[in-house]
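Structure, as structure tokens:
There are 2 protein chains.
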Amino acid sequence: MNWAIIATWRMALEGVSAASELLKSGGSASDAVETAVKMVEDYPLYKSVGYGGLPNENCEVELDAAFMDGDTFSIGAVGGIKDFKNPVSIARKLSLERFNIFLVGNGAEEYAHKNGFERKNMLTDRAKRIYEKRIEEIKNKNLSPYDGHDTVGIVCLDINKHMAVATSTSGLFMKKRGRVGDSPIPGSGFYVDSLIGGAAATGLGEDIMKGCLSYEAVRLMENDIHPQDVAEKVIYEFSSKLIKKRGKAGAMSIVCLNNKGEWGVGTNVEFSFIFANEKIEPKVYLAYPKGSSTIYTEATKEWLDSYLKRISAPLD
Amino acid sequence: MNWAIIATWRMALEGVSAASELLKSGGSASDAVETAVKMVEDYPLYKSVGYGGLPNENCEVELDAAFMDGDTFSIGAVGGIKDFKNPVSIARKLSLERFNIFLVGNGAEEYAHKNGFERKNMLTDRAKRIYEKRIEEIKNKNLSPYDGHDTVGIVCLDINKHMAVATSTSGLFMKKRGRVGDSPIPGSGFYVDSLIGGAAATGLGEDIMKGCLSYEAVRLMENDIHPQDVAEKVIYEFSSKLIKKRGKAGAMSIVCLNNKGEWGVGTNVEFSFIFANEKIEPKVYLAYPKGSSTIYTEATKEWLDSYLKRISAPLD
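Protein chains in written order, with this note's numbering: chain A, 1 to 316; chain B, 1001 to 1316.
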């Protein structure tokens, strides 16, 4: 009767904590990932997901999200949706359809509207101010506009051996209107098969989708490779391949969980993640690459305090 | 000094013929696939791609297309784009970017407009009439609206061992506004690695994307399995998996080509395709499933004549 849940980034902590309570009392992996992702979407200071997410170059918050059920392979996804409170719930609803499961832009908004999802102006004053400052910086310092693309991705196993995964993101900060990253793309940003395991990725979507990293991770787990080895293999082999083919590789991180509750993370940058199971309370870990391994440790109190200070610091 | 090109559906014949001329004279695989797909997009009687493509439920022609370079993994894709003449060329242009390579809806149209791509009202009188008839049929006969989802997907190897793939489609007939299928999704509708091979899929996108079929095909080719065995394995194993998990599997077909010029096709429905190389002139073949194999033969003159008659038949 074990369960487990793993999520990308510190921002998933509160959501994973709530999901863990659900899982303890026999809740399903599908409900757990949706509950957790919604909490990340709703929290205004997490600036790469949902409400308070950073806008595109036109100062519009365009959101991507997906949901996949590992029992049935049912997938739902939205891309470039504006002004709906919980994109992940729209994605989950779409996963119940046989046709039209991936909707983008106006079409996604129409569907959400007709199905009674809550409208919300997702642009916060804080996100707008960060956008304005960025515009000035780009002008003054000739910087590349693109920076920050943290997706929340959560993979879960429940006590009934059901698995699910969900993702949500505002995508690349300052992206072009209509840009879709890996987060809503099956096999790239997420994948899960309850008979094997699941994975979710975060980082530069444009590079992650070149390698179908989440599908590849699940495929490797099928060969009974431990999720930690899988996660490292996926990230470092694909980074090397990209460097060979293109001269460079963007930031990429992945979390993996198999259907026995074993888990792993791989990353080519500093990366925080959350894990919990029936024995381990939800905790923040910090991971970083070391050669072709990923090392991780529990986040210190100092790191956690400085994180909270940073995300809530006053902006001039 | 061999080259080869393989494409989904009869509609690719003229495009593949033009591409073959290019390849004979040393042209690149990237130019070959773009040239071929553009010809399919431009021809008004091919009713599932480009001009004359069948509209969504709002009578709008929304198009998906993608391009991938097998040397560099550069990918460009558009989803749900309206009223541009050649979506595949927009996708190829996007593949030159590092960021913002997959654009959807209004954003894709803005990009295309700013980059000087030709505008065109892609709805033909014929497509509109087919739409109107369909609306009546659905009302009178209580039919499922979704039918017809033929993507042109073309994989090519040139004499310099460079490989490329491109796809283009108007997607599911009568789809919801904003629906994206597998065609612009890396790893699902297409994938190519010049060091291994490439693949393109067609059929029910909602099911194809559940299995990342094109990525899986390339991965299998990496293990030196013949493309014919790969194509069959991918289609029948994944169809079986879907039936086990969901009780049913939609239409799925795939064309595969490795970097030695060996090729194969797999399908779970009747399916036409085109192949050509330095020895074989472009020809139409008909494939169909037989147990866990795919059988194919050259199309007869009778079949070819009846095809042309069908696509140009007067509508009442």
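Yeah, the Cβ is synthetic: ideal placement off N, Cα and C, and Gly gets one too. Note that the structure is a prediction, hence the values are computed from the model and not measured.
(message) According to DSSP, is R1134 (chain B) part of a helix, a strand, or is it coil?
(response) Taking the second sequence and counting its residues from 1, one reaches residue 1134 (chain B) at position 134. The answer is helix: DSSP assigns R1134 (chain B) an H, G or I state.
(message) For K244 (chain A), report the span of its alpha helix (DSSP H) as first-last.
(response) The count along the first sequence starts at 1 and reaches residue 244 (chain A) at position 244. For K244 (chain A), the enclosing alpha helix (DSSP H) begins and ends at P227 to R246.
(message) Suppose you measure from the CA of K1233 (chain B) to the CA of S1292 (chain B); what does that come to, to the nearest Å?
(response) Translated into positions along the second sequence, residue 1233 (chain B) becomes position 233. Translated into positions along the second sequence, residue 1292 (chain B) becomes position 292. In a straight line, the C-alpha of K1233 (chain B) is about 8 angstroms away from that of S1292 (chain B).
(request) Give a yes or no on whether the minimum CB-CB distance between Y1146 (chain B) and chain A is below 8 angstroms. (result) Indexing the second sequence from 1 puts residue 1146 (chain B) at position 146. Taking Cβ atoms only, chain A reaches closer than 8 angstroms to Y1146 (chain B), which makes this a yes.
(message) Mapping the DSSP letters down to three states, classify E302 (chain A) as helix, strand or coil.
(response) The residue given as residue 302 (chain A) occupies position 302 in the first sequence. The three-state reading of DSSP puts E302 (chain A) in helix, counting H, G and I together.
(request) For A1065 (chain B), name the three-state secondary structure that DSSP assigns. (result) The residue you call residue 1065 (chain B) lines up with position 65 of the second sequence. It is a strand residue.
(request) Within its chain, find whatever has a CB closer than 6 angstroms to the CB of A108 (chain A); leave out the 5 residues flanking it on each side and keep chain order. (result) The residue labelled residue 108 (chain A) in the question sits at position 108 within the first sequence. These residues qualify, in order along the chain: V78 and I81.
(request) Report the rounded CA-to-CA distance for I243 (chain A) versus F1073 (chain B), giving the unit in angstroms. (result) Position 243 of the first sequence, counted from the first residue, corresponds to residue 243 (chain A). Position 73 of the second sequence, counted from the first residue, corresponds to residue 1073 (chain B). Going from the Cα of I243 (chain A) to the Cα of F1073 (chain B) covers about 11 angstroms.
(message) Checking the sheet assignment: what are the DSSP bridge partners for I1005 (chain B)?
(response) Here residue 1005 (chain B) is taken as the residue at index 5 of the second sequence, counted from 1. When DSSP reads this structure, I1005 (chain B) sits in a beta bridge with B:C1156 and B:A1276.
(request) Using beta-carbon positions only, say whether A1012 (chain B) and G1189 (chain B) come within less than 8 angstroms of one another. (result) Sequence index remark: in the second sequence, residue 1012 (chain B) carries index 12 (1-based). Sequence index remark: in the second sequence, residue 1189 (chain B) carries index 189 (1-based). Going by C-beta atoms, A1012 (chain B) is not nearer than 8 angstroms to G1189 (chain B).
(message) Please report whether the beta-carbon of D229 (chain A) lies at a distance below 8 angstroms from any beta-carbon of chain B.
(response) Here residue 229 (chain A) refers to the residue found at position 229 of the first sequence. Put simply, the CB of D229 (chain A) is far from chain B, with every gap to its CB atoms at 8 angstroms or more.
(request) Answer with buried or exposed for D182 (chain A), where buried requires no fewer than 16 other C-beta atoms within 10 angstroms of its C-beta. (result) Working through the first sequence from its first residue, we reach residue 182 (chain A) at position 182. Residue burial is scored here from C-beta neighbours: D182 (chain A) has at least 16 other C-beta atoms within 10 angstroms and is therefore classed as buried.
(message) Do M209 (chain A) and C256 (chain A) count as a contact pair if the criterion is CB distance below 8 angstroms?
(response) By 1-based counting over the first sequence, the position of residue 256 (chain A) is 256. By 1-based counting over the first sequence, the position of residue 209 (chain A) is 209. Inclusion of C256 (chain A) and M209 (chain A) in the CB contact set at 8 angstroms is not warranted, their separation being larger than that value.
(message) Does the CB of V1075 (chain B) have a neighbour CB from chain A at under 8 angstroms?
(response) The residue labelled residue 1075 (chain B) in the question sits at position 75 within the second sequence. The sequence shown places Ile at residue 1075 (chain B), rather than the Val named in the question. By the rule that beta-carbons nearer than 8 angstroms mark a contact, I1075 (chain B) touches chain A.
(message) Which residues of the stretch 1198-1217 of chain B have a Cβ closer than 7 angstroms to any Cβ of chain A? Give them in chain order.
(response) Residues E1206, M1209, K1210, C1212 and Y1215.
(message) For chain B, check one thing: does any of its Cβ atoms lie closer than 8 angstroms to the Cβ of N100 (chain A)?
(response) Position 100 of the first sequence holds residue 100 (chain A). Yes, its Cβ sits closer than 8 angstroms to a Cβ of chain B.
(request) Report the neighbours of T167 (chain A) on chain B: residues whose CB is nearer than 7 angstroms to its CB, in chain order. (result) Your numbering for residue 167 (chain A) matches position 167 in the first sequence. Listed by position along chain B, the residues whose Cβ is nearer than 7 angstroms to that of T167 (chain A) form an empty set, because the closest Cβ is around 15 angstroms away.
(request) Could you name the residues of chain B that D71 (chain A) contacts, counting a contact when the two beta carbons are closer than 9 angstroms? (result) The sequence position of residue 71 (chain A) within the first sequence is 71, counting from 1. Chain B residues near D71 (chain A): K1245.
(message) I want to see whether chain B comes within less than 8 angstroms of R179 (chain A), judged by CB atoms only; does it?
(response) Here the question's residue 179 (chain A) lines up with position 179 in the first sequence. At least one chain B Cβ lies under 8 angstroms of R179 (chain A).
(request) Starting from C256 (chain A), follow its DSSP beta bridges and name the residues at the other end. (result) On the first sequence, position 256 is the one that residue 256 (chain A) refers to. In DSSP, C256 (chain A) forms a bridge with A:A199 and A:G264.
(request) Would you check if the stretch 1249-1264 of chain B and the stretch 1196-1210 of chain B touch, i.e. whether three or more CB-CB distances between them fall below 8 angstroms? (result) As far as the Cβ criterion goes, the stretch 1196-1210 of chain B touches the stretch 1249-1264 of chain B, which means the pair count is three or higher.
(message) Within 8 angstroms of any Cβ in chain A, is that where the Cβ of V1104 (chain B) sits?
(response) Numbered from its first residue, the second sequence carries residue 1104 (chain B) at position 104. So, interface residue.
(message) Which residue wins for smallest C-alpha separation from E62 (chain A), given the options A:K260, A:G171 and A:E21?
(response) One-based indexing of the first sequence puts residue 62 (chain A) at position 62. With distances taken between Cα atoms, E62 (chain A) lies closest to A:G171.
(request) Work out the CA separation of E1237 (chain B) and I239 (chain A) for me, nearest whole Å. (result) To locate residue 239 (chain A), count along the first sequence from 1; it is residue 239. To locate residue 1237 (chain B), count along the second sequence from 1; it is residue 237. Reading the sequence as shown, one finds Ser at residue 239 (chain A) and not Ile. Counting only the Cα atoms, E1237 (chain B) lies some 30 angstroms from S239 (chain A).
(request) At 8 angstroms on the CB atoms, spell out the chain B contacts of E137 (chain A), in chain order. (result) The count along the first sequence starts at 1 and reaches residue 137 (chain A) at position 137. Chain B residues near E137 (chain A): none, gap ~17 angstroms exceeds 8 angstroms.
(request) Tell me, please, whether the CB atom of L317 (chain A) is closer than 8 angstroms to any CB atom in chain B? (result) As displayed, chain A neither begins before 1 nor continues past 316, which places residue 317 (chain A) out of reach and without an answer.
(request) Output the distance between the C-alpha atoms of T124 (chain A) and D150 (chain A), rounded to the nearest integer angstrom. (result) The sequence position of residue 124 (chain A) within the first sequence is 124, counting from 1. The sequence position of residue 150 (chain A) within the first sequence is 150, counting from 1. Their Cα atoms are separated by approximately 18 angstroms.
(request) Enumerate, from N- to C-terminal direction, the unbroken alpha helix (DSSP H) stretches of 4 or more residues contained entirely within the stretch 12-59 of chain A. (result) If we require 4 residues or more, the alpha helix (DSSP H) runs fully inside the stretch 12-59 of chain A come out as 13-24 and 29-42.
(message) Rounded to the nearest angstrom, what separates R1179 (chain B) and D305 (chain A) at their Cα positions?
(response) Taking the second sequence and counting its residues from 1, one reaches residue 1179 (chain B) at position 179. Taking the first sequence and counting its residues from 1, one reaches residue 305 (chain A) at position 305. Cα to Cα, R1179 (chain B) sits roughly 43 angstroms from D305 (chain A).
(request) Starting from D207 (chain A), trace the alpha helix (DSSP H) both ways and give me its first and last residue. (result) On the first sequence, position 207 is the one that residue 207 (chain A) refers to. Start and end: G205 to I208.
(message) Quick check: the Cα distance between I1159 (chain B) and V1040 (chain B), rounded to an integer number of angstroms?
(response) For the purposes of this step, residue 1159 (chain B) is taken as residue 159 along the second sequence, with counting starting at 1. For the purposes of this step, residue 1040 (chain B) is taken as residue 40 along the second sequence, with counting starting at 1. C-alpha separation (whole angstroms): 24 angstroms.
(message) What does the Cβ neighbour count give for G15 (chain A), buried or exposed, with the cut at 16 atoms within 10 Å?
(response) For this step, residue 15 (chain A) is matched to residue 15 along the first sequence. By the neighbour-count rule (16 or more Cβ atoms within 10 Å), G15 (chain A) is buried.
(message) With a threshold of 8 angstroms, are at least 3 pairs of Cβ atoms found where one atom belongs to the stretch 111-127 of chain A and the other to the stretch 50-62 of chain A?
(response) The stretch 111-127 of chain A vs the stretch 50-62 of chain A: in contact.
(request) Express the C-alpha separation of V152 (chain A) and A127 (chain A) in angstroms, rounding to a whole number. (result) For the purposes of this step, residue 127 (chain A) is taken as the residue at position 127 of the first sequence. For the purposes of this step, residue 152 (chain A) is taken as the residue at position 152 of the first sequence. Spanning the alpha carbons of A127 (chain A) and V152 (chain A) requires a straight line of approximately 18 angstroms.
(request) Please name the residue or residues paired with D193 (chain A) in a DSSP beta bridge. (result) Locating residue 193 (chain A) in the first sequence gives position 193, counting from the first residue. A:G197, per the DSSP bridge assignment.
(message) Here's a check: name, in chain order, each residue in its chain whose Cβ is nearer than 6 angstroms to the Cβ of A1019 (chain B), leaving out the five neighbours to either side.
(response) Looking up residue 1019 (chain B) in the second sequence gives position 19. Excluding its 5 nearest sequence neighbours in each direction, A1019 (chain B) has C-beta neighbours in its own chain below 6 angstroms: I1005, A1032, T1035 and A1036, listed in chain order.
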